[in-house]
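The structure under discussion appears below in the form of C-alpha cells.
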Amino acid sequence: MKTVYIFGNPLLSFDNLPLKLMPDLAKKFPAITFLSIDPNENLKFTDKKPVIIDTIFGIKKVAVLHDIDRIITDKIYSAHDLDLSFNLKLLAKLGYIEKVTILGVPPGIKKEEALMQLYPLIERSFSGIE
Numbered sequence: 001m002k003t004v005y006i007f008g009n010p011l012l013s014f015d016n017l018p019l020k021l022m023p024d025l026a027k028k029f030p031a032i033t034f035l036s037i038d039p040n041e042n043l044k045f046t047d048k049k050p051v052i053i054d055t056i057f058g059i060k061k062v063a064v065l066h067d068i069d070r071i072i073t074d075k076i077y078s079a080h081d082l083d084l085s086f087n088l089k090l091l092a093k094l095g096y097i098e099k100v101t102i103l104g105v106p107p108g109i110k111k112e113e114a115l116m117q118l119y120p121l122i123e124r125s126f127s128g129i130e
C-alpha cells in the first residue's frame with residue numbers, strides 16, 4: 001500500500017498547509033493513501049521507507065530531505081517536547097524505518113504553487129513501488 005503521511009497543526013496558519021493540501025493530493029493520486037498524523041502520538045508507519053509531507057522552515061520552495069540527521073531536534077525537557085525529528089531518529093535507530101523521504105513545504109507558499117511542486121516529487125517518491 002502506498003501511503004503519504006501528512007503532518008501539520010490545523011490551528012497554526014504557518015503549519016497547516018500540508019493538511020490543506022490533502023484533498024487535492026488525494027484527487028490527483030487516487031492510488032495513494034494520504035494520512036493525517038498527529039505528531040504527538042506514537043508514530044507507526046506501514047513500511048520501512050515512509051514518505052512524509054510537513055512544513056519545513058528556512059526553505060523557499062518545496063524540498064526533499066532524506067537525511068534525518070540534518071533535522072534539528074529541539075531540547076527535550078519533558079515528553080511534550082518529543083517532536084517529529086526525535087521520533088524519526090528513534091525509529092531509525094530501533095530499525096523500524098530504513099529511509100525517510102520528507103517533502104518539506106515552506107510556510108507561506110501559495111497552495112497552488114506547493115501542489116505543482118509536490119506532484120512530480122510524489123510521483124518520483126513512489127516510482128518502482130507497486
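Using UniProt numbering, the first residue of the sequence shown is number 1, and each one after it goes up by one. Every residue gets a Cβ at the ideal spot worked out from N, C-alpha and C, and that includes glycine.
DSSP beta-bridge partners of residue i
i, result
"Y5", "L35 and I52"
"I102", "I52 and L65"
Length of the line joining the Cα atoms of residue i and residue j
i, j, result
"A63", "G95", "25 Å"
"E113", "N16", "15 Å"
"L84", "K111", "23 Å"
"L12", "N42", "21 Å"
"V100", "D47", "10 Å"
"H66", "L90", "15 Å"
"D81", "N87", "Unreliable placement is indicated for D81, whose pLDDT of 40 sits below 50; the coordinate value is still reported in the next sentence. Roughly 11 Å separates the two Cα atoms."
"M1", "K49", "12 Å"
"A79", "K61", "A caution first: A79 carries a pLDDT of 42, below 50, which makes its placement in the model too unreliable to give a value."
"L115", "V4", "14 Å"
"K27", "D38", "22 Å"
"P23", "P120", "17 Å"
"D54", "S36", "10 Å"
Limits of the unbroken alpha helix (DSSP H) element including residue i
i, result
"F86", "L84 to K93"
"L25", "L17 to K28"
"I122", "K111 to S125"
Contact under 8 Å by Cβ, residue i with residue j
i, j, result
"F14", "I52", "no"
"P10", "L21", "no"
"I97", "F34", "no"
"I32", "F126", "yes"
"I122", "F29", "yes"
"I68", "P106", "no"
"L25", "L103", "no"
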